[in-house]
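One structure below.
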């Protein structure tokens, strides 16, 4: 158990809908990272927050947004969902905000868009 | 853009044999190279990492080597066991964004007894 929690574990929704994924980092970690894992693209970095501020941005679509709250939990919002958004979404956390800080991954949320 | 290539995509070995997975990266400024193991239905778990000022690191049956000149690094697992069966990912830090990791596409390792 990494100490990172994600809810929900599974989410099934329809095209065009909007969903919110939630992540609680390990106690003491200030950084939260979001990744998308699909069969053809592997693990893709989406976005990072450090102590409430956006720190780095990867291949995140404009339909997706995220935020980190004062209690350091984070939410990833996915809107106007398409079939291709079906994937595993992982959250990871680390103590600091640098790329060479060890990242601990949560168990993931499996999103299915029908 | 920055890229990490990982080979092979699948690897099957007999219990007790060694397994080697290789990765190459494109960003010469990368300075941190972790390896993750992902079991079915779980998130990736860090198993070993290496930084650019070190050429080799070992932890029991697992070792990682880094060649900065050639921009490649490798994972070596010795005396493989069935519980080593999983998907392994290499990653490299990318510094244009300041703080992110870029991952290889993964290697599915199967260890048969």
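Protein chains in written order, with the working numbering: chain U, 848 to 961; chain S, 127 to 239.
Even glycine gets a Cβ: it sits at the ideal position worked out from N, Cα and C.
Spatial neighbours of residue i in its chain, beta-carbon cut-off 7 Å, leaving aside the 5 residues before and after
i, result
"residue 133 of chain S", "148"
"residue 904 of chain U", "894"
"residue 143 of chain S", "206"
Within chain S, partners of residue i - CB distance below 8 Å
i, result
"residue 849 of chain U", "169 and 171"
"residue 949 of chain U", "160, 172 and 175"
"residue 931 of chain U", "Per Cβ cutoff of 8 Å: no residues; residue 931 of chain U is ~18 Å from chain S at best."
"residue 855 of chain U", "Those do not exist, as residue 855 of chain U stays about 15 Å from chain S at its closest Cβ, beyond 8 Å."
Environment of residue i [buried if 16+ CB atoms lie within 10 Å]
i, result
"residue 855 of chain U", "exposed"
"residue 170 of chain S", "buried"
"residue 859 of chain U", "exposed"
Neighbouring residues, chain U, relative to residue i (Cβ below 7 Å)
i, result
"residue 232 of chain S", "889"
"residue 157 of chain S", "947"
"residue 229 of chain S", "889 and 890"
Residues that residue i contacts on chain U, provided the C-beta gap is smaller than 9 Å
i, result
"residue 215 of chain S", "889 and 890"
Residue from the options with nearest C-alpha to residue i
i, options, result
"residue 928 of chain U", "U/912, U/896 and U/918", "U/912"
"residue 163 of chain S", "S/215, S/236 and S/187", "S/215"
"residue 165 of chain S", "U/908, U/864, U/848 and U/930", "U/848"
Contacting residues, own chain, Cβ-Cβ under 6 Å from residue i (five flanking each side not counted)
i, result
"residue 910 of chain U", "926 and 927"
"residue 961 of chain U", "861"
"residue 239 of chain S", "141 and 208"
"residue 923 of chain U", "868, 881 and 913"
Check whether residue i and residue j have beta carbons under 8 Å apart
i, j, result
"residue 890 of chain U", "residue 884 of chain U", "yes"
"residue 939 of chain U", "residue 866 of chain U", "no"
Beta-carbon neighbours of residue i, restricted to chain S and to distances below 7 Å
i, result
"residue 913 of chain U", "Here the premise fails: no neighbours, minimum Cβ distance about 14 Å."
Contact set between residue i and chain U, taken where Cβ atoms lie within less than 8 Å
i, result
"residue 220 of chain S", "946"
"residue 193 of chain S", "Residues of chain U passing the Cβ test: none, with the nearest at roughly 18 Å."
8 Å CB neighbourhood of residue i in its chain, flanking five on each side removed
i, result
"residue 180 of chain S", "192"
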